[in-house]
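What follows is a short report on a single structure.
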Amino acid sequence: MIHKLIRRLFRFLFILMILALAYALYGRDVVPANWHSILDPTSFVVIALFTVWVAIWIFQRHFRYRDLSLERIDDMDGFDFERFCAYLLKRNGYRHITVTQESGDQGVDIIATKDKVKYGIQCKRYNGFVGNRAVQEVWAGHEYYELDGAIVLTNSTFSDSAIELADELGVTLIDRDEFRKMLRRLPS
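Written as structure tokens, this is what we have:
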């Protein structure tokens, strides 16, 4: 809900910024001189607000996961963990990353490509062992979306049966140790 409101505000501010730029670049010659005392400061404020908004957005987008510890990752909710995993995959060479819908995703939370191989990735933020079910779900999603590979990514560890099943099916498992290695590729 709040994200929709922010997007609408951004679109509105963007339209105002376009109008302010059009006025500043071309409209001053057309608009009567007595309007300049109102429109000049207004267009300046709109352009400045838009510039500040974009600068804040870029800063947050680039540095939001900077110096993130595993303990803070362990405290994330499932949705935030999926978004973080998408960011982490991007920083580790994956491209064309899509986060699937929250429910009804058929066991695949993220679809991403690396080295021309399209993967279905399930993200599991757990405190205990990740079991067979995660491997089964990502394999089913991999078949459903007709992907080339399947990965289960977790901040925890896998049970022996999950490791055995993953080996049998060809599912790649990324546990806490591998996850930590991937974290090292983030900006610090």
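Plus 779 on top of the position in the sequence shown (first one is 1) and you've got this note's numbering. Using N, Cα and C, we set each Cβ at its ideal position, and we do this for glycine too. Only a predicted model underlies this, so the values are computations on that prediction, with no experimental measurement involved.
Remark: C-beta atoms of threonine 933 and lysine 903 approach each other more closely than 8 Å. Cβ neighbours of leucine 795 within its own chain (closer than 6 Å, five residues either side excluded): Val825. With respect to valine 931, alanine 913 sits close: the two C-beta atoms are nearer than 8 Å. For arginine 807, there is no enclosing alpha helix (DSSP H), as DSSP marks it with neither H nor E. Within its own chain, the residues whose Cβ lies closer than 7 Å to the Cβ of serine 822, once the five positions on either side in sequence are excluded, are Ala799, Tyr802 and Ala803, listed in chain order.
Boundaries of the alpha helix (DSSP H) around glutamine 839: 815-842. Annotation: the continuous beta strand (DSSP E) that includes valine 931 extends over 928-933. The criterion of a C-beta distance shorter than 8 Å is not satisfied by aspartate 946 and valine 896.
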